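Data block below; observations after.
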Amino acid sequence: MAESSKRGQESPEQAEFRAYCRAWLEENRPPPTRMPLPQAAYEVTADEHRSYLVDWQAKCYEAGLIATDVAKEYGGHGHTGFQQIASAEVRRAQVPYFINWIGLGMTAPTLLAHGTQAQKQTYLPPIFSGEDIWCQGFSEPGAGSDLVSLSTSAVKQGDNWLVNGSKVWTSLGALARWMLLLARTDKADKYNGITYFICPMDVAGVTVNPIHKMTGESGFNEVVLDNVIVPDHMRIDEVGAGWKVAMSTLTSERGAAQGVGAVASSESPMGTMEQLIALAKGTSRNGRSVWDDPVWRDRIMKLYERTEALMQSSRRAANRELNGGAMRIPLQGKLVGSEIGQAVHQCALAILGMASSLYVGDANSVADGKWTLGYMNTYTGTISGGSSEIQRNILGERVLGLPKTK
Ligand SMILES: Cc1cc2nc3c(=O)[nH]c(=O)nc-3n(C[C@H](O)[C@H](O)[C@H](O)COP(=O)(O)OP(=O)(O)OC[C@H]3O[C@@H](n4cnc5c(N)ncnc54)[C@H](O)[C@@H]3O)c2cc1C
87 MAESSKRGQE
97 SPEQAEFRAY
107 CRAWLEENRP
117 PPTRMPLPQA
127 AYEVTADEHR
137 SYLVDWQAKC
147 YEAGLIATDV
157 AKEYGGHGHT
167 GFQQIASAEV
177 RRAQVPYFIN
187 WIGLGMTAPT
197 LLAHGTQAQK
207 QTYLPPIFSG
217 EDIWCQGFSE
227 PGAGSDLVSL
237 STSAVKQGDN
247 WLVNGSKVWT
257 SLGALARWML
267 LLARTDKADK
277 YNGITYFICP
287 MDVAGVTVNP
297 IHKMTGESGF
307 NEVVLDNVIV
317 PDHMRIDEVG
327 AGWKVAMSTL
337 TSERGAAQGV
347 GAVASSESPM
357 GTMEQLIALA
367 KGTSRNGRSV
377 WDDPVWRDRI
387 MKLYERTEAL
397 MQSSRRAANR
407 ELNGGAMRIP
417 LQGKLVGSEI
427 GQAVHQCALA
437 ILGMASSLYV
447 GDANSVADGK
457 WTLGYMNTYT
467 GTISGGSSEI
477 QRNILGERVL
487 GLPKTK
């Protein structure tokens with residue numbers, strides 16, 4: 087299908103903005119880093135990567151590709167209906183991702199919906215520029231899918247709150263200046279006893295311990311909070327309104343994570359699909375290329391169809407009427423996209439056969455072990471921000487109106 091007809095709804099201003107984004111990204115593509123970047127933003131730990139990515143994000147923000155639709159009074163560019171175009175062009179160009187994806191994808195939408203005027207004016211501009219990196223302190227050892235069981239406590243002391251507890255799986259925790267923190271302010275009330283705070287990470291009582299994943303990476307962390315003082319002006323919304331605010335953050339994370347321009351990976355689903363086809367064409371099996379074998383080609387083309395359907399669906403997500411209040415298309419997109427990503431990588435490992443056991447850094451590996459590393463990392467998408475099982479429950483209950491699970 088021609089690109090223009092896929093975008094039949096685009097106004098002349100939007101088309102012009104798309105052309106601008108495309109040309110800007112082409113002209114300003116940064117040179118590669120000396121040490122290759124991790125596959126996704128949540129695995130960044132090295133200082134070299136951090137400063138390179140912060141510079142890149144700042145440049146993209148100045149160019150209008152981030153906070154495109156945010157009001158100028160909060161540091162945005164004041165457009166309407168342009169952010170999706172900018173984000174799509176960033177993905178298409180396969181340029182580096184934005185390191186501050188939690189700030190852009192979760193904090194900014196949460197503050198825009200629930201923050202005070204002062205909070206929006208203080209925290210949003212450095213989120214957009216990448217100057218302040220954010221992390222998300224929701225999960226705890228005893229509270230993941232069942233988030234409402236969280237037990238980190240916040241006790242009011244004058245104008246401050248004293249916070250104690252521990253958070254786990256905190257992506258970017260080692261680099262972040264601020265954390266989105268959920269804490270219990272009333273033990274007697276499960277849902278209305280949670281309050282939402284902005285917690286500083288560079289103060290006494292905060293300890294960040296890296297967690298090492300099976301991939302060898304350590305982007306996520308345990309964060310221990312020991313008598314940490316959080317001023318009351320860093321509370322978001324009312325005392326006891328934390329669950330409501332958290333649901334708004336999670337709606338962004340579980341589907342609309344694009345937020346005000348978050349792009350957490352440099353690979354688009356179709357880009358990865360095209361790499362899979364190239365892998366099949368370049369791999370020989372039984373005297374011919376895998377691509378020339380009809381059984382393999384059938385398997386690959388089924389994945390291609392699913393990927394194309396995902397892309398069409400994400401284009402439909404721009405249409406408010408189709409999308410509905412329940413964010414039905416983005417919510418499906420997280421579920422379907424993460425599962426397709428896993429299936430594409432599974433297929434790649436099958437094509438590689440024995441070679442799939444060679445990992446990153448092995449001179450004999452194909453594409454420096456990218457497919458094997460990528461396969462393990464695709465489990466991130468089906469667990470974080472709500473596992474696929476939880477995502478199916480949400481779609482069943484909130485989008486299809488099915489009875490609630492017990
Ligand atoms: C790479 C990565 C990065 C992450 N980053 C962050 C972060 O920055 N901040 C943060 O707060 N958290 C983060 N998380 C944590 C993530 O949100 C949790 O892992 C997730 O919510 C699942 O919780 P859990 O790990 O405790 O698993 P559990 O909740 O213990 O679930 C275990 C299994 O049981 C299933 N299950 C549980 N309840 C139900 C149910 N009601 N119905 C059906 N099945 C169910 C789940 O689907 C899963 O398969 C991250 C996780 C990963 C993998």
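To convert, take the position in the sequence shown, counting from 1, and add 86; that gives the numbering used here. Every residue, glycine too, gets a C-beta built ideally from N, C-alpha and C. It should be emphasised that the depicted structure is a prediction, and the values quoted were computed from it without experimental measurement.
Exclusion of the five residues before and after M265 leaves C221, G223, C285, M287 as the residues of its chain whose Cβ lies within less than 6 Å of its Cβ. Using a C-beta cut-off of 8 Å, the stretch 345-362 makes contact with the stretch 114-128, since at least three inter-stretch Cβ pairs fall below that distance. With a cutoff of 7 Å, K388 does not count as near ligand 1, since its C-beta is closer than that to no heavy atom of the ligand. A direct Cα-Cα distance of roughly 54 Å separates D323 from W382.
By the C-beta criterion, the stretch 385-403 is judged to be in contact with the stretch 413-432, since at least 3 inter-stretch pairs fall below 8 Å. For V331, no beta strand (DSSP E) run applies; the uninterrupted alpha helix (DSSP H) run containing it begins and ends at 328-339, by DSSP.
Per the coordinates, the alpha-carbon of K299 lies some 22 Å from the alpha-carbon of I426.
DSSP links W264 through a beta bridge to W220, P286.
Per DSSP, F168 lies in no alpha helix (DSSP H) segment and is marked neither H nor E.
Burial is judged here by how many other beta carbons sit within 10 angstroms of a residue's own beta carbon; G368 has fewer than 16 and is exposed.
Taking the Cα positions, A240 is about 32 Å away from E483.
Taking G189 as the centre and dropping the five residues before and after it, the same chain places the C-beta of I213, W220 closer than 6 Å to its C-beta, in chain order. The beta carbons of N186 and G150 sit no closer together than 8 Å. Here DSSP, grouped into helix, strand and coil, assigns A240 to strand. Taking the C-beta atoms as reference points, F168 is found no nearer than 8 Å to Q95. Boundaries for I152: no beta strand (DSSP E) harbours it, and the DSSP string shows neither H nor E there. Three or more beta-carbon pairs drawn from the stretch 149-164 and the stretch 172-180 are found closer than 8 Å, and the two stretches are therefore classed as touching. Within the DSSP bridge table, the entry for W247 names K242, V316 as partners. By DSSP's assignment, P296 forms a beta bridge with N307.
The Cβ neighbour count for D218, taken over all protein chains shown within 10 Å, is at least 16; the residue is labelled buried.
Between V316 and the set D245, Y277, D384, M440, the nearest pair of CA atoms involves D245.
For G347, no alpha helix (DSSP H) segment is defined, and its DSSP state is neither H nor E. DSSP, read as helix, strand or coil, puts E226 in strand. Under a 10 Å Cβ-count criterion, M333 is classified as exposed, with fewer than 16 other Cβ atoms of the shown protein chains found around its own Cβ.
A contact between stretches requires three or more CB pairs, one per stretch, nearer than 8 Å, and the stretch 249-265 meets this requirement with the stretch 227-238. Taking non-hydrogen atoms of ligand 1 into account, the C-beta of Q428 is found less than 7 Å away from none of them. In the DSSP annotation of this structure, V234 is not part of any alpha helix (DSSP H), being labelled neither H nor E. Here Q243 is exposed: its Cβ has fewer than 16 other Cβ atoms, across all protein chains shown, within 10 Å. Relative to G191, the option among V130, A348, A132, L111 whose CA is nearest is A348.
In the structure shown, T393 falls within a helical segment according to DSSP collapsed to helix, strand and coil. In this structure, the alpha-carbon of M397 lies about 9 Å from that of G423.
Distance from the CA of Y461 to the CA of T337, rounded to the nearest whole angstrom, comes to 26 Å.
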